[in-house]
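Notes for the one structure printed next.
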Amino acid sequence: MKKIVSITLILMLMLSLAGCANAPAEDAEMSTWERIQDEGKMVVGLDDTFAPMGYREEGTNDLIGFDIDMGNEMASRLGIEIEWQPTEWKGVMGSLNSKKFDAIINGMSVTEDREKEIDFTKPYINAGIGAVVVADSEIDSLDGLADMLVGTQTGSSGAEACETLGYKNVSFYDQYPNAFQDLSIGRIDVIVVDATTAAHFIDTKPGEYRMIEGRLVDDNYAIGLRKEDDQLEAEFNRVLLEMKEDGTLATISTKWFGDDLIAYEK
């Protein structure tokens with residue numbers, strides 16, 4: 377009797393395995409873009425102190441800036457909602473790759489080092505890295521900055537420029553506002569910073585700061601994505617091109633920078 381039961385169980389198991397072999401494979405894991413479409417929302421990481429790209433409006437604490445306007449418009453055209461998730465800039469790529477959010481829209485400069493870890497969309501802003509001093513500073517040239525007390529933000533394109541140019545006396549700050557405070561009280565001589573951020577602080581406090589003429593290095597902003605997210609990258613590039621061609625990005629640029637700094641397709 378036991379032998380018959382054993383044979384029966386074996387036959388049932390074989391039939392079960394055969395059924396599994398003939399059954400269609402389960403759907404592969406959704407891509408990021410497919411999941412975003414399914415949920416109707418994408419989550420975007422940013423440093424919410426990075427004016428004028430994305431920062432908190434005084435009084436309301438609302439997120440405002442070029443990237444906020446651009447990202448909201450992109451989401452609208454993609455038929456989804458956008459959730460902005462503030463994060464520390466120095467760990468932003470690690471947070472992206474650990475899937476804490478879907479993209480980085482935050483005036484992110486395209487560099488060789490960053491391209492080793494993440495992918496980028498086509499650039500949307502042509503910027504540059506420059507140097508800011510207090511208005512009455514005697515520093516009038518980019519030459520000789522290597523001998524000055526320099527400030528910049530940790531993990532920023534300004535920090536990479538300092539390394540590339542061989543600056544040794546560099547103080548690193550978690551946020552640019554702290555660097556500008558130290559510049560005002562004389563703890564540092566100069567801030568190495570992207571031109572868009574420099575323009576914001578100069579406009580916010582007229583007569584306190586000025587930018588030294590010229591650029592230390594060129595700089596282009598693009599959206600950061602995980603390397604496997606080709607579908608999402610294609611959708612972002614499609615919408616960015618559409619917004620360049622219909623003048624939407626130029627309008628947003630003029631609003632925040634007073635000029636058209638858009639990186640147009642060649």
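If you want the working numbering, it's the 1-based position in the sequence shown plus 376.
Ideal Cβ positions, reconstructed from N, Cα and C, are used throughout, including at glycine.
Between the beta-carbon of Leu592 and the beta-carbon of Val508, is there less than 9 Å?
Not closer than 9 Å, so no.
Between which two residues does the beta strand (DSSP E) holding Phe477 run?
The continuous stretches of beta strand (DSSP E) do not include Phe477, and DSSP gives it neither H nor E.
Under the three-state DSSP convention, the category Asp594 falls into:
Correct three-state label for Asp594: strand.
What would DSSP say about Ala503, mapped onto helix, strand or coil?
Secondary structure of Ala503 (DSSP, three-state): strand.
Please report how far the alpha carbon of Gln607 lies from the alpha carbon of Val546, in whole angstroms.
Between Gln607 and Val546, the alpha-carbon positions lie close to 40 Å from each other.
Output the boundary residues of the beta strand (DSSP E) element that contains Arg586.
Run containing Arg586: 585-587, per the beta strand (DSSP E) assignment.
Under the DSSP definition of a beta bridge, which residues are partnered with Gly467?
For Gly467, which the question treats as bridged, DSSP gives no partner whatsoever.
Thinking C-alpha only, which one of Arg602, Ala598, Phe633 is nearest Ala639?
For Ala639, the nearest C-alpha among the options comes from Ala598.
By the DSSP assignment, the alpha helix (DSSP H) with Lys607 in it spans what residues?
Looking at the sequence itself, residue 607 is Gln, so the reference to Lys does not match. Unbroken alpha helix (DSSP H) run through Gln607: 606-621.
State the Cα-Cα distance for the pair Lys620 and Arg453, rounded to the nearest angstrom.
Here the alpha carbon of Lys620 sits roughly 13 Å from the alpha carbon of Arg453.
Does the separation of the CB atoms of Ala555 and Ile567 fall below 9 Å?
Yes, they are a contact pair.
With DSSP run on the structure shown, which of helix, strand or coil describes Gln413?
Helix.
Out of Asp565, Asp423, Asp594, Gly600, state which residue places its alpha-carbon closest to the alpha-carbon of Tyr585.
Considering only alpha carbons, the answer is Asp565.
Could you tell me the alpha carbon to alpha carbon distance between Gly590 and Arg411, rounded to whole angstroms?
A direct Cα-to-Cα measurement between Gly590 and Arg411 gives close to 44 Å.
Thr528 - containing beta strand (DSSP E), residue span
DSSP places Thr528 in the uninterrupted beta strand (DSSP E) bounded by 526-529.
Considering only residues of the same chain and omitting the five flanking positions on each side of Asp445, which have a CB-CB separation below 8 Å?
Excluding five sequence positions before and after Asp445, the CB atoms of its chain that fall closer than 8 Å to its own CB belong to Ile628, Lys631, Trp632, given in chain order.
Excluding five sequence neighbours on each side, which residues of the same chain lie with their C-beta closer than 8 Å to the C-beta of Asp635?
Answer for Asp635: Ser629, listed in chain order.
Where does the unbroken beta strand (DSSP E) through Glu457 begin, and where does it stop?
Start and end: 457-462.
What does DSSP give as the partner residues of Val486 in its beta bridges?
DSSP, once it has assigned bridges, lists no residue as partnering Val486.
Going by beta-carbon coordinates alone, are Gly483 and Val569 separated by less than 9 Å?
Taking 9 Å as the Cβ cut-off, Gly483 and Val569 do not qualify as a contacting pair.
Measuring CB to CB, does Gly534 end up less than 9 Å from Thr528?
Contact flag set, yes.
Three-state secondary structure (DSSP) at Ile444?
In the three-state reduction of the DSSP assignment, Ile444 falls in the helix class.
Can you tell me whether Gly600 is helix, strand or coil according to DSSP?
The answer is strand: DSSP assigns Gly600 an E or B state.
Endpoints, alpha helix (DSSP H) assigned at Ser534:
A quick correction: the sequence has Gly, not Ser, at residue 534. For Gly534, the enclosing alpha helix (DSSP H) covers residues 533-541.
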